[in-house]
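Residue numbers (the numbering used here): 807 to 1788.
Worksheet: one structure, shown below.
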């Protein structure tokens, strides 16, 4: 090979240029250039931020206004990193007035390392107010990455006030749908929770840590960019156009991350995904993106590994009341806002978006309505990613890893989620198995454990306020002191007559902590009879129920509403206002031990039924814990869930399932004042409700109100409760798809708990919950009310689909003297019978058939009411229904009364067709239409109220069953004389 002098000179010049440029980089951190930043002035300085106004000398009136929010960890100069070809330069040339929120560095700002997420949201909100006051215009709020998340959160916090539109760039919303780098959510969620609780709050995240962390996220690209820089170090002119951007990424652009803010991010938006579901908390106020109603434009980077497309597109589901658009670009996370892609595509599109919003210009074709259903985690490496990064992947030899990414991610994700569910269930089942009669366990104890383990974690939400474990625990302790000061002692039975409110929860928990017994009374019920039946001498009531409670003559302790509110009745010997007692002045007696309750001891008394059927149900601490942990296990409740308690606390579903399950699962509890469909629709989104509890026909009111049209997006995954009719069940799952119903059955006597976990069979009670009592169905004669035995004298087990009495295995130490059974299947075995008759299908699922005392005894044999009710409820036109026995002479007729849904018509042919599924002996003799069926305080259709209203009357709405024709026909006078004896 020959070398010419020219080649030699060129090599020497190249070497000298490389050395000269390298020395400049070493001395100054980069190459000096003449590119100047866009001019700006700081118009406002506050502890949390500085507000920059770019091109302040441009006083052109009537310009659209844009407020740009950077993410944490990135310098606010991100909006000007490309100078005149950057965000503020291009937008200014497009006639847009640009303002930038600069959070500064926590390392140099006063109190910077103590900042939390709410501080930044409130800072952006304050900046919007300042800009609006200065310009007189609403703003287009824009944010990159977490800055876009701030834009969403701030707009929702302000309920959209003064925000014309929102524009985000690579801002994830649905973390579950698109974890960075395709990591499985179950694993990341647990890691995020651990980091938030134990790491980031103690270890400051410095700017150098941030820089290294981001470079490690894509080491191949980082290495390639440095190699390219070194290879071109001799060519100054080639490097200068990108030098400003290189220095920004390599050093100047990163700032530290305050630990509390990082903890909030990890908990609320990674571990609990509350940006998507709703219910994220800003200064004790729950917020949802469902509050957003302004137009939204989300930029999606198709090869963005941080703000993954599926996660970014979650905004279309999280903000169902807003018009959401997207612009999809083949860019990575940083490339969306800086570099040639941003210069040539992103910012021109943003300018055109604002022109469309404010200047009546057409919307560019690159911006389109965001599709709701987009396959998450699709294998982008198969096409887009290969085209975009083929050179990098070839150099790094990483093609095989990326090709296998989709398969590995989906496999690992499924495995981790399955393991996570099992990991949550196992400790609960283990704790259930460890409970012995002498074990200390109670509602108060579980709440105390949560307060000790995670004092700042949200416990419940009420009236748009969030209450933490610590604050609730303090309230409970204060109520305990108040109760002690007025003479309440352990084991004393104290009535609780309160609407659903925080004070009701605090009262029940305080009685548990004290070791007393809470007798839960339904507001508006037969109060005097219930007090006489339970023998209580003291009632804790809220101000709304004070007058009713005082009228019974018992001593009333008033709690709730704060000490400043007035009372309808003046205080006296029988009326004591607990809110006026200073807990700090109460001296605790020597006998007081918090949470002394043992598993075998009585914890609650429920009053059920009406009239002469009013009866008490006794619940021990073990029975409550059994339902609580059983519910949490069956519903897979955890800290990511928010349980909306529609079921009142005085109902077993509210006490055992709603409250118990949520506390045992560590879930947030959203308390509803009452069943208000409009309020329900708002709070489901605002609180991020994932689980809704119910009793009986409660959800019928919500469905009839139409506040959730079919297909309306919502965060609900599950409805849990008891007593839902089969037809209402199907209406609920149709309306709230893909949510399902989890129906429970829990016996009051004994430890039987059934759950329809799959939710496939509407109306079915399911199977025994793990950890609860073993169950059996024994043959039973409902006429003689006797268990049927075989030739050996032991009880006969029922065959599949045979009606029998449900019994549960008695636990050790249970008193069998009141209704227990011994020697049922073997000599000496012990069982507790329930009051219900069931059948078990061939799959092993249990179906409720009737109560033992409501079976209709007819000349043709027993007729069971529940199958009649379930079948009639499946008719589209039927609203509610009851079935009962109508005495006629010396026998009973099986009768069903139905009410008709508004706008529907019920014909006898509909009834005939529906009831064909029942054996002809089990079909009611009469079916008649009533205007309305009253309901109890727990929303159970009242059979007694229908009976009191009178017998069926002649007319087109009363039909008798013609057994010869096997059809229902209008009841004529002649038929009535034969059937009713009229």
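Cβ coordinates follow ideal geometry from the N, Cα and C atoms, glycine included.
Everything numeric in this text was worked out from a predicted model, so none of it was measured.
Item checked: According to DSSP, residues forming a beta bridge with residue 994 -> DSSP, once it has assigned bridges, lists no residue as partnering residue 994.
Note to self: Taking a contact to mean a Cβ-Cβ separation below 8 Å, would you say residue 1704 touches residue 1692 in this structure?
What the structure shows: With respect to residue 1692, residue 1704 sits apart: the two C-beta atoms are not nearer than 8 Å.
Notebook entry, point to check: Nearest-angstrom Cα distance between residue 1688 and residue 1753?
Noted result: Computed Cα separation, rounded: 10 Å.
Check: How is the alpha helix (DSSP H) around residue 1256 delimited, first residue to last?
Finding: In this chain, the alpha helix (DSSP H) harbouring residue 1256 covers 1249-1259.
Check: Between residue 1138 and residue 950, what straight-line distance do the alpha-carbon atoms span, to the nearest angstrom?
Finding: Cα-Cα distance, rounded: 13 Å.
Checklist line | Backbone CA spacing between residue 1166 and residue 1131 [nearest angstrom] | finding: Distance between the alpha carbons of residue 1166 and residue 1131 is about 17 Å.
Notebook entry, point to check: Whose C-alpha, out of 1250, 1275 and 1133, is nearest the C-alpha of residue 1473?
Noted result: Among 1250, 1275 and 1133, the Cα nearest to that of residue 1473 is on 1275.
Notebook entry, point to check: From which residue to which residue does the beta strand (DSSP E) around residue 1679 run?
Noted result: No beta strand (DSSP E) contains residue 1679, which is instead part of the alpha helix (DSSP H) from 1671-1679.
Margin query: If I follow the unbroken alpha helix (DSSP H) through residue 941, where does it start and stop?
Written below: Going by DSSP, residue 941 is part of the alpha helix (DSSP H) stretching over 923-941.
Notebook entry, point to check: To which residues of the same chain is residue 1657 closer than 7 Å at the C-beta, ignoring the five residues directly before and after it?
Noted result: So the qualifying residues of the chain are 1641 and 1642.
Notebook entry, point to check: Which residues in the same chain have their Cβ closer than 6 Å to the Cβ of residue 1261, if we skip the five residues on either side of it in sequence?
Noted result: Cβ within range, chain order: 1275 and 1276.
Next item on the list: Return the residue from the list 1147, 1486, 1573 and 976 that minimises the CA-CA distance to residue 1107.
Entry: Closest option to residue 1107, Cα to Cα, is 976.
Notebook entry, point to check: Tell me, which residues are paired with residue 1303 by DSSP?
Noted result: DSSP lists 1347 as partners of residue 1303.
Check: CA-CA distance, residue 1430 and residue 858?
Finding: The straight-line gap from Cα to Cα measures roughly 58 Å.
Notebook entry, point to check: Where does residue 944 sit, in a helix, a strand or coil, going by DSSP?
Noted result: Three-state result, residue 944: coil.
Margin query: I'd like to confirm the pairing. Which residues does DSSP put opposite residue 1116 in its beta bridges?
Written below: Paired residue(s): none; residue 1116 is not in a bridge.
Next item on the list: In angstroms with no decimal places, state the Cα-to-Cα distance between residue 1597 and residue 1589.
Entry: When rounded, the distance between both Cα atoms is 21 Å.
Checklist line | Separation of residue 1543 from residue 1515, as counted between CA atoms | finding: Approximately 11 Å, taken between the alpha carbons.
Next item on the list: Ignore the nearest five residues each way along the sequence and tell me which others in residue 1768's own chain have a CB closer than 6 Å to its CB.
Entry: Taken in chain order, the residues that qualify are 1775.
Margin query: Only counting the same chain, and skipping five residues up and downstream in sequence, which positions put a Cβ closer than 6 Å to that of residue 1697?
Written below: 1665.
Check: If you drop the 5 nearest sequence neighbours on each side, which residues of the same chain put their C-beta closer than 7 Å to that of residue 1296?
Finding: Residues of the same chain with a CB within less than 7 Å of the CB of residue 1296, apart from the 5 flanking positions on each side, are 1320, 1321, 1322 and 1402 in chain order.
Margin query: If distances are taken between C-alpha atoms only, which option among 1176, 1348 and 1394 comes closest to residue 1286?
Written below: Residue 1286 has its Cα closest to that of 1394, out of 1176, 1348 and 1394.
Check: Taking C-beta to C-beta, are residue 1556 and residue 1614 nearer than 8 Å?
Finding: In this structure, the beta-carbon distance from residue 1556 to residue 1614 falls below 8 Å.
Margin query: Let's see if you can read the secondary structure: which residues bound the alpha helix (DSSP H) around residue 1122?
Written below: Residue 1122 -> alpha helix (DSSP H) spans 1121-1124.
Next item on the list: Specify whether the region 1342-1354 and the region 1300-1310 touch according to this definition: at least 3 beta carbon pairs, one from each stretch, less than 8 Å apart.
Entry: Short answer: they touch.
Next item on the list: Please determine, among 1505, 1533, 1554 and 1496, the residue with the shortest C-alpha to C-alpha distance to residue 1084.
Entry: Comparing Cα positions, the closest option is 1496.
Checklist line | contact_flag[the region 891-900, the region 919-932] where n(CB pairs < 8 Å) is 3 or more | finding: No contact exists between the region 891-900 and the region 919-932.
Next item on the list: If I'm right that residue 1060 touches residue 879 with Cβ under 8 Å, what's the distance once you round it to whole angstroms?
Entry: Indeed, because the Cβ distance is near 6 Å, the residues count as touching under 8 Å.
Item checked: the ligand FMN heavy atom lying under 7 Å from the CB of residue 923 -> Absence of the ligand FMN is noted for the structure shown, with no ligands found whatsoever.
Next item on the list: Give me the Cα-Cα distance between residue 1834 and residue 962, rounded to the nearest whole angstrom.
Entry: Because the chain spans 807 through 1788 in this model, residue 1834 falls outside it and cannot be assessed.
Check: What first and last residue would you give for the alpha helix (DSSP H) that runs through residue 1075?
Finding: Run containing residue 1075: none; DSSP gives neither H nor E here.
Check: Nearest to residue 1604 by alpha carbon, out of 1592, 1623 and 1582?
Finding: Selected option, being the one with the closest Cα: 1582.
Checklist line | First through last residue of the alpha helix (DSSP H) which encompasses residue 1158 | finding: Taken as a continuous stretch (DSSP letters only), the alpha helix (DSSP H) holding residue 1158 covers 1153-1164.
Margin query: Assuming the contact rule is C-beta atoms closer than 8 Å, residue 1745 and residue 1502 should be a hit. Round their C-beta distance to whole Å, please.
Written below: That belief holds up - the Cβ atoms of residue 1745 and residue 1502 are roughly 4 Å apart, short of 8 Å.
Margin query: Just to confirm the assignment: which complete alpha helix (DSSP H) runs, minimum length 4, are found wholly within the region 1489-1565?
Written below: Those alpha helix (DSSP H) runs which fall completely within the region 1489-1565 and span 4+ residues are 1504-1511 and 1532-1541.
Margin query: According to DSSP, residue 1652 sits in a beta bridge with which residue or residues?
Written below: Its beta-bridge partners are 1572 and 1646.
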